[in-house]
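Asker: Be aware that the sequence shown starts at -18, since it is given in my numbering, and climbs by one per residue.
The beta carbon of each residue, even a glycine, is placed where N, CA and C say it ideally should be.
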Amino acid sequence: AKRHKDLQLCEWLAGGSTICTITITMKPALAPSDHTITISTATTAESSTPTTHTYHLRSLRTTSNVERHEIHTDIVKWTQFCASVFSYKPNPPPPSYFARHYHNDPRHDPALVRVLIHCPDNSEEERINGEIVSSVRIFRRTLSTGSSSSSSSAMMIEAGGIGEVCTSPNHQRRGLSKLLLKDAFNIMSTSCKEGGEDNDEDEMMSCSLLHASPDFRPVYSKVGGYQSVRSEWSAMSVNTELSNARRNDESDGNNKWCIRHANFPKDALSLQKLHVEYSEKRLITIARSVQYWEEYVSAELRDTLWILTKPYDDDGENDDKIAAWISVRPQGDRYQMREFGVDKSINCSVSTCWALERLLGVALGNVGGNSCAESEVSLLLPTFVVSEMKREMENTDKDGATFFDIDGATEENDDGWMYVNFDESQLNVLELTTREIDTVPHLIWPTDSF
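#1: According to DSSP, what are the bridge partners of isoleucine 119?
#2: Would leucine 157 pass as a contact of valine 96 if the rule is Cβ separation under 8 Å?
#3: Looking at glutamate 393 and tryptophan 214, is the spacing between their C-beta atoms short of 8 Å?
#4: To which residues of the same chain is methionine 318 closer than 6 Å at the C-beta, ignoring the five residues directly before and after it?
#5: Should leucine 250 be labelled buried (16 or more other beta-carbon atoms within 10 Å of its own) or exposed?
#6: In chain order, which alpha helix (DSSP H) runs of at least 4 residues are fully inside the segment 331 to 368?
#7: Decide if threonine 33 is buried, meaning its Cβ has at least 16 other Cβ atoms within 10 Å, or exposed.
#8: Just checking my contact of phenylalanine 434 with methionine 169 at CB under 8 Å: how many whole Å lie between their CB atoms?
#9: Which two residues bound the contiguous beta strand (DSSP E) that contains glycine 206?
#10: Output the distance between the C-alpha atoms of glutamate 258 and glutamate 275, rounded to the nearest integer angstrom.
#11: Would you mind reading off the limits of the beta strand (DSSP E) that contains isoleucine 109?
#12: Report back the beta-carbon spacing between isoleucine 56 and tyrosine 36 to the nearest angstrom; my notes put them in contact at under 8 Å.
#13: Restricting to Cα atoms, I'd like to know which of Glu112, Gly127 and Cys188 is closest to asparagine 151.
#14: If we ignore side chains and look at the alpha-carbon of each, how far apart do leucine 264 and serine 125 end up?
#15: For threonine 391, which beta-bridge partners are listed by DSSP?
#16: Taking the CB atoms as reference points, tell me whether lysine 163 and lysine 237 lie closer together than 8 Å.
#17: With a CB to CB cut of under 8 Å and the five nearest residues on each side skipped, what residues in its chain are close to glutamate 178?
#18: Helix, strand or coil for valine 421 per DSSP?
#19: In terms of alpha-carbon separation, which member of Val278, Leu252 and Ala193 lies closest to aspartate 86?
#20: Helix, strand or coil for glutamate 320, going by three-state DSSP, please let me know.
#21: From Glu405, Asp284, Cys239 and Cys147, pick the residue whose C-alpha is nearest to that of glycine 349; which is it?
#22: Can you list, in chain order, the residues of its chain with a C-beta nearer than 6 Å to that of arginine 216? Leave out the 5 residues immediately preceding and following it.
#23: On the CB-based measure, 16 or more other CB atoms within 10 Å of its CB, does asparagine 72 come out buried or exposed?
#24: DSSP state of lysine 442, grouped into three classes?
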């Protein structure tokens, strides 16, 4: 009922075996149109006649127009295509990577995966079963904008993320990716302009975001008007010998702390609530539902997500309260904090430094690489976490300086996240991060990257 507002009660019969008859008129999801496109390439030294190429622009097929086994085939072909285009990378993602991103996303929508099909003969058979040669995917996401000084809750913005932008090498330099980007831009911008007051908020996309390398940022700026937003990161040295020793240290006086793998779906609700407090009320970031934690985060992080808990309370009762969590990943010759949070409520006495001193030894020791053999490693982590640790060291956690080289931390900011706003009535991410009063830091946790 929340997603489909035109639920109408048509008949109510009092008495007899029939209580009521309900007609549900389902509001259709966004239904981007199909197009056949002809592109002429320039003449060459070998031929004075321009070469013509015909493509069919469509979405991955949905339940409204094909049988389910054909949908599966369409998605399989698309994941295989994406993997083939990115096969040049040092650690190329397999088709299962793209399939996982798609199927585990609670808001996945085949209509928002837009592809160009090569149709040399422009036949119906080619339009349905032809070769995919270019792709772009729109990810539905909700953005938290942090809580202002006048509000205790975060404002939310519905957004469309752009990812899986790729073109077959045999069809590059024909403007296919730009064509698909413009198509995606039109779908997203139209979603918040059509429908007026009756428009379903879940269908609206008030802004768009994507992550781009420096070489491609001018392209996205020119094609869609995207602007870069800075995410502040810092590189810091971590003493792994002390951290490895501290991970088994339970000398807190109660001997009641433990570190374990996250357990889904059991931990999903607690982690969702804690993430709201630690990240969503403080940052411009991806807002996560319980379902997103259960289906997407669990699949992305798998056995790299570690939880610091207190299995028993001070009275010896079973509690298993989550105090902090972390996931790290190798990044070249160093490591990156992929996910992190601490319970900052007054009922939890755990500091950021204290939690990291215990969690990092386990996380680094189980993520692979050479962290166990090295006495010191470099960790890339959000600058706001470094600032948090610095304040704690100055006030209460003097031992933190032996684990973390806070003074030697260096800025390594990321300007790759880019935004464009469609709805002027909504908060603007770029303005939130640059305004003089109530500036909100921007951070998309690597867990949520697309």
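Answerer: Judging by the given coordinates:
#1: Position 138 of the sequence shown, counting from 1, holds the residue named residue 119. Its beta-bridge partners are Ile143.
#2: For the purposes of this step, residue 157 is taken as residue 176 along the sequence shown, with counting starting at 1. For the purposes of this step, residue 96 is taken as residue 115 along the sequence shown, with counting starting at 1. The answer is no: Cβ separation not under 8 Å.
#3: Residue numbering aside, residue 214 sits at position 233 when the sequence shown is read from its first letter. Residue numbering aside, residue 393 sits at position 412 when the sequence shown is read from its first letter. Contact flag set, yes.
#4: Against the sequence shown, residue 318 aligns to sequence position 337. Here the set comprises Val309 and Leu362.
#5: Counting from 1 along the sequence shown, the entry for residue 250 is found at position 269. Classification of leucine 250: exposed, given that the 10 Å Cβ count is below 16.
#6: 333 to 347
#7: Here the question's residue 33 lines up with position 52 in the sequence shown. Exposed.
#8: The first residue shown for the chain is -18 and the last is 431, placing residue 434 beyond what the model contains.
#9: Indexing the sequence shown from 1 puts residue 206 at position 225. The continuous stretches of beta strand (DSSP E) do not include glycine 206, and DSSP gives it neither H nor E.
#10: Start at 1 with the first residue of the sequence shown, and residue 258 comes out as number 277. Start at 1 with the first residue of the sequence shown, and residue 275 comes out as number 294. Distance between glutamate 258 and glutamate 275, taken at the CA atoms: about 18 Å.
#11: Your numbering for residue 109 matches position 128 in the sequence shown. Where isoleucine 109 is concerned, there is no enclosing beta strand (DSSP E), although the alpha helix (DSSP H) it sits in stretches over 105 to 110.
#12: As a position in the sequence shown, residue 56 is number 75, starting the count at 1. As a position in the sequence shown, residue 36 is number 55, starting the count at 1. With a Cβ gap of about 20 Å, isoleucine 56 and tyrosine 36 do not count as contacting.
#13: Position 170 of the sequence shown holds residue 151. Selected option, being the one with the closest Cα: Glu112.
#14: Locating residue 264 in the sequence shown gives position 283, where the first residue counts as 1. Locating residue 125 in the sequence shown gives position 144, where the first residue counts as 1. Their backbone Cα atoms lie some 7 Å apart in a straight line.
#15: Translated into positions along the sequence shown, residue 391 becomes position 410. Ala216.
#16: On the sequence shown, position 182 is the one that residue 163 refers to. On the sequence shown, position 256 is the one that residue 237 refers to. No, the pair does not count as a contact, with Cβ atoms beyond the cut-off.
#17: Locating residue 178 in the sequence shown gives position 197, where the first residue counts as 1. With a pLDDT of only 47 at glutamate 178, under 50, the local geometry of the prediction cannot be trusted, and no value is derived from it.
#18: What you label residue 421 is simply residue 440 of the sequence shown in a count that begins at 1. In the structure shown, valine 421 sits in coil (DSSP, three-state: anything other than H, G, I, E or B).
#19: Residue mapping note: residue 86 aligns to position 105 of the sequence shown, counting from 1. Checked all of Val278, Leu252 and Ala193; the closest Cα to aspartate 86 is Val278.
#20: Along the sequence shown, read from residue 1 onward, the residue named residue 320 stands at position 339. Looking at glutamate 320 - three-state DSSP - the assignment turns out to be strand.
#21: Counting from one through the sequence shown, the residue named residue 349 turns up at place 368. Among Glu405, Asp284, Cys239 and Cys147, the Cα nearest to that of glycine 349 is on Asp284.
#22: Here residue 216 refers to the residue found at position 235 when the sequence shown is read from its first residue. The question names arginine, but residue 216 is alanine in the sequence shown. Closer than 6 Å at the Cβ level, and outside the excluded window around alanine 216, lie Ser359, Leu361, Thr391 and Glu393.
#23: Position 91 of the sequence shown holds residue 72. That one is exposed.
#24: For residue 442 there is no data in the structure shown, the boundaries of the chain being -18 and 431.
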